[in-house]
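Read the structure below first, then the notes.
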Amino acid sequence: MPELPEVQTVVNHLARQIKGKVFSDCQIKVAKMVSPKKFKVLIKNSKVSNVLRRAKMIVIELAGGQYLIVHLKMTGQLVYVNRRGQAAGGGHPIKSADFAITRPNKFTRIILNFADGSRLLFHDIRKFGWLKLVDRAELAAISRRLGVEPLSKNFTLKKFQDILERRPNLKIKQLLLLQELIAGIGNIYADESLFMARINPGRQAKSLTSAEIRRLRSTIISKLKEAIAFGGTSVNTFVSSSGRRGHFVEKLKVYQRSGQKCYRCQSILTKTVIGGRGTVYCSHCQK
DNA sequence: CGACTTCCCTGGCCGC
DNA sequence: TGCGGCCAGGGAAGTC
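In my numbering, the protein residues as written are 325 to 611.
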């Protein structure tokens, strides 16, 4: 489940590898995952000028005012493979034998070839992910529908307070997951931030005290930053575009630890469902 | 408008 | 061993 830190990890790596490369032909194995219909023609001969992130989307900026947006959704992987067929990480090729992902497999949905023989493989077990080629105006329209970037200077305490005031009746965890309010947080970092802030995920937004709001804002920021430093979290299918797994999984305090002991108070962690999402928290120290 | 529900999709897991 | 049923879940779309 790539969230902000995982997508940022992919973007950081791709930016080092594909800037300046020119797309040539591509193979689209699942048509519904790509738009517009003219994708194949439009992307041909486009040169990558930059790679950015917005919310949980990878934005590959192309010379000529086009943008290739990639959303990994739940199980997507965007893997960069050099011309020798190796997943290359920061100039150090990784043994491809260790990674079936460096070759097209049954889950490969799209293959984007570069003119130099290297390529991007887009694998996605569940086919929830997508690629979209847009112009500047369309990108701006998509971005406008998304909320504040939590690691930007715009995510001020005032901004966070405003967001909570706008949706007073939502459970705080549901609020954190709404991309139109704050962009980039998913199930892992919602649970982890709430644990660190010692706030029960089922609390209504309006019930948070100003001290709790301040605390939650800073735990969101620190958790996301920490996860980026560890290359993200690989709980099931996530790998960076270098084929590497993220190591934040070893730092998780509650996510996927249901039934285990709370690291803070040794109580057994509770699993529940909030807004249709599995939620793990400590009922003893998250009030 | 906000809040809630359904749907997409497939592998993995459970019980029989 | 095989198989049906169910679950995970980001986010769009539909309903109330």
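C-beta atoms are modelled at their ideal positions from N, C-alpha and C, and glycine is treated no differently.
Express the C-alpha separation of residue j and residue i in angstroms, rounding to a whole number.
{"i": "Phe-554", "j": "Lys-495", "result": "29 Å"}
{"i": "Ile-418", "j": "Thr-603", "result": "In this predicted model, Ile-418 has a pLDDT of only 48, less than 50, meaning its place in the structure is not dependable; the value taken from the coordinates is given anyway. So the alpha carbons of these two residues sit roughly 35 Å apart."}
{"i": "Ile-342", "j": "Phe-519", "result": "38 Å"}
{"i": "Met-357", "j": "Val-394", "result": "10 Å"}
{"i": "Ser-420", "j": "Leu-455", "result": "In this prediction, Ser-420 scores a pLDDT of 43, lower than 50, which makes its location untrustworthy; no coordinate-derived value is stated."}
{"i": "Tyr-404", "j": "Leu-444", "result": "5 Å"}
{"i": "Arg-581", "j": "Glu-516", "result": "11 Å"}
{"i": "Gly-526", "j": "Met-325", "result": "22 Å"}
{"i": "Lys-611", "j": "Arg-433", "result": "44 Å"}
{"i": "Gln-528", "j": "Leu-436", "result": "45 Å"}
{"i": "Ala-439", "j": "Val-346", "result": "6 Å"}
{"i": "Arg-601", "j": "Gln-498", "result": "9 Å"}
{"i": "Leu-338", "j": "His-608", "result": "42 Å"}
{"i": "Gly-344", "j": "Ile-384", "result": "11 Å"}
{"i": "Ser-531", "j": "Leu-576", "result": "26 Å"}
{"i": "Ser-359", "j": "Arg-340", "result": "26 Å"}
{"i": "Ile-323", "j": "Asn-406", "result": "An answer regarding residue 323 cannot be provided, because it is not within the stretch 325 to 611 covered by the chain."}
{"i": "Val-354", "j": "Ser-373", "result": "27 Å"}
{"i": "Ile-382", "j": "Thr-543", "result": "24 Å"}
{"i": "Gly-415", "j": "Leu-328", "result": "Because Gly-415 carries a pLDDT of 47, less than 50, the predicted location of this residue cannot be relied on, and the following value inherits that uncertainty. Their backbone Cα atoms lie some 24 Å apart in a straight line."}
{"i": "Cys-683", "j": "Phe-431", "result": "Because the chain spans 325 through 611 in this model, residue 683 falls outside it and cannot be assessed."}
{"i": "Phe-479", "j": "Asn-429", "result": "41 Å"}
{"i": "His-571", "j": "Ser-591", "result": "25 Å"}
If you count every other CB in all the chains shown that lies within 10 Å of the CB of residue i, and 16 or more means buried, which is it?
{"i": "Lys-361", "result": "exposed"}
{"i": "Leu-481", "result": "exposed"}
{"i": "Leu-593", "result": "buried"}
{"i": "Gly-441", "result": "exposed"}
{"i": "Ile-365", "result": "It should be pointed out that residue 365 corresponds to Val in this sequence rather than to Ile. When all chains shown are included, Val-365 counts as exposed."}
{"i": "Asp-448", "result": "buried"}
{"i": "Cys-589", "result": "exposed"}
{"i": "Arg-408", "result": "exposed"}
{"i": "Arg-450", "result": "exposed"}
{"i": "Ala-379", "result": "buried"}
{"i": "Gln-584", "result": "exposed"}
{"i": "Asp-422", "result": "Annotation note: pLDDT 46 at Asp-422 (below 50); position unreliable, coordinate value reported separately. Asp-422 should be labelled exposed."}
Taking 8 Å as the cut-off, decide whether the C-beta atoms of residue i and residue j are in contact.
{"i": "Thr-399", "j": "Ala-411", "result": "no"}
{"i": "Val-573", "j": "Tyr-605", "result": "no"}
{"i": "Ile-509", "j": "Leu-500", "result": "yes"}
{"i": "Leu-505", "j": "Ile-487", "result": "yes"}
{"i": "Thr-557", "j": "Glu-330", "result": "yes"}
{"i": "Val-335", "j": "Leu-376", "result": "yes"}
{"i": "Asp-349", "j": "Lys-371", "result": "no"}
{"i": "Glu-536", "j": "Ala-521", "result": "yes"}
{"i": "Leu-392", "j": "Gly-453", "result": "no"}
{"i": "Leu-470", "j": "Ala-507", "result": "yes"}
{"i": "Glu-363", "j": "Leu-463", "result": "Note that residue 363 is Phe in the sequence shown here, rather than Glu. No, they are not a contact pair."}
{"i": "Phe-484", "j": "Arg-541", "result": "yes"}
{"i": "Arg-468", "j": "Gly-389", "result": "no"}
{"i": "Gln-332", "j": "Ile-466", "result": "no"}
{"i": "Leu-402", "j": "Phe-446", "result": "yes"}
How about residue i: is its Cβ closer than 7 Å to a heavy atom in the ligand HEM?
{"i": "Tyr-587", "result": "Of ligands this structure carries none, so the ligand HEM is not represented either."}
Query raised in the report: Is the stretch 492 to 508 touching the stretch 564 to 574, taking contact as three or more C-beta pairs under 8 Å?
Result: no
Query raised in the report: Along the chain, which unbroken stretches of the alpha helix (DSSP H) at least 4 residues long are found entirely within the stretch 503 to 591?
Result: 511 to 520, 534 to 553
Requested in this report: Give a yes or no on contact between the stretch 535 to 555 and the stretch 469 to 481, applying the rule of three or more CB pairs nearer than 8 Å.
Outcome: yes
**Report entry** Contact between the stretch 582 to 601 and the stretch 483 to 492 (3+ Cβ pairs under 8 Å)
**Finding:** no
Query raised in the report: Hey, which unbroken runs of the beta strand (DSSP E) at 3 residues or more fall wholly within the stretch 353 to 417?
Result: 372 to 378, 381 to 386, 390 to 395, 400 to 405, 411 to 413
Report task. Return the chain-ordered ranges of every alpha helix (DSSP H) run that is complete within the stretch 426 to 512 and spans a minimum of 4 residues. Result -> 460 to 468, 481 to 490, 496 to 501
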